[in-house]
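A.B. asks:
In the numbering used here, the protein residues as written are 370 to 544.
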C-alpha cells in the first residue's frame, strides 16, 4: 500500500439507489503516498434520466440544467476518471457509497476499473480512533470538518468534498 498514490474521491448523485439514480459529478484529489497533491479534477456528468432524480438530491447537490449543459456523458467521464486514477487507492468519506456507484457504472459501461483494490474510509478511521470519545457523536463529513476546523467551501460539490476528505485524512493520520 505504501507505494500507491491515493485518490480522494467524492461523487454527487441524483439519489441513493445505485440502479435508478445517476452520478452527476465526480471530484478527485490525487496525492502521493506522502500526501503531496499531484492533481485535482472534477467531472460534471450530464444525466440521461433526470426524471428519476430525487428532488432533495438535486437540491443538496445544487444541480441546475444550465451548469450541466457542457457536462461529459457518463461514458466519457468514466473513461477520463479511469485513466487518471490508475493504480490509486481510493479514499472516501463513507467510501462504500461512492465505490458502489462507481463499480456499478464501470460494469454497466464495460470499462475497466483501474484503481487498486484497496479502499480507505475516513469514517472507519475516525471511528477506530474516537469511538470511545463522547464529543464525537456524528461522523459525517460536515461534523468531522467542524471538529477538525476544516473549511469545506462548497459542501456537496464533488471536488470540494473530495478536498475536505483529503484534509480530514491528513488530520486523522497525525493522531
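A virtual CB, placed ideally from N, CA and C, is assigned to each residue, including glycine.
Nothing here was measured: the structure is a model prediction, and the numbers come from that model.
From 468, 460, 483 and 423, pick the residue whose C-alpha is nearest to that of residue 377; which is it?
C.D. replies: One-based indexing of the chain shown puts residue 377 at position 8. Checking every option, the nearest Cα to that of residue 377 belongs to 460.
A.B. asks: As a quick exercise: from 479, 435 and 533, pick the residue whose alpha carbon is nearest that of residue 512.
C.D. replies: Sequence index remark: in the chain shown, residue 512 carries index 143 (1-based). Checked all of 479, 435 and 533; the closest Cα to residue 512 is 533.
A.B. asks: Could you name the residues of the same chain whose beta carbon sits closer than 6 Å to that of residue 528, not counting the 5 residues immediately before and after it, in chain order?
C.D. replies: Residue mapping note: residue 528 aligns to position 159 of the chain shown, counting from 1. Counting only Cβ-Cβ distances below 6 Å, and skipping sequence neighbours, we find 396 and 411.
A.B. asks: Is the beta carbon of residue 463 less than 8 Å from the beta carbon of residue 492?
C.D. replies: Taking the chain shown and counting its residues from 1, the one referred to as residue 463 is at position 94. Taking the chain shown and counting its residues from 1, the one referred to as residue 492 is at position 123. The answer is yes: Cβ separation under 8 Å.
A.B. asks: Answer with buried or exposed for residue 474, where buried requires no fewer than 16 other C-beta atoms within 10 angstroms of its C-beta.
C.D. replies: By 1-based counting over the chain shown, the position of residue 474 is 105. Counting the other Cβ atoms within 10 Å of the Cβ of residue 474 gives 16 or more, which makes it buried.
A.B. asks: Within its chain, find whatever has a CB closer than 6 Å to the CB of residue 371; leave out the 5 residues flanking it on each side and keep chain order.
C.D. replies: For the purposes of this step, residue 371 is taken as the residue at position 2 of the chain shown. If we look at residue 371 and ignore the five residues flanking it on each side, its Cβ neighbours are 402.
A.B. asks: Taking the Cβ atom as the reference point for each residue, do residue 437 and residue 393 lie within a distance shorter than 8 Å?
C.D. replies: Position 68 of the chain shown holds residue 437. Position 24 of the chain shown holds residue 393. Yes, these two residues count as a Cβ contact at 8 Å.
A.B. asks: Can you give, in chain order, each stretch of the beta strand (DSSP E) that sits fully within the stretch 474-522 and has at least 3 residues?
C.D. replies: 488-490
A.B. asks: Note down the Cα distance separating residue 375 from residue 442, rounded to an integer number of angstroms.
C.D. replies: Translated into the one-based positions of the chain shown, residue 375 becomes position 6. Translated into the one-based positions of the chain shown, residue 442 becomes position 73. Taking the straight line from one Cα to the other gives about 25 Å.
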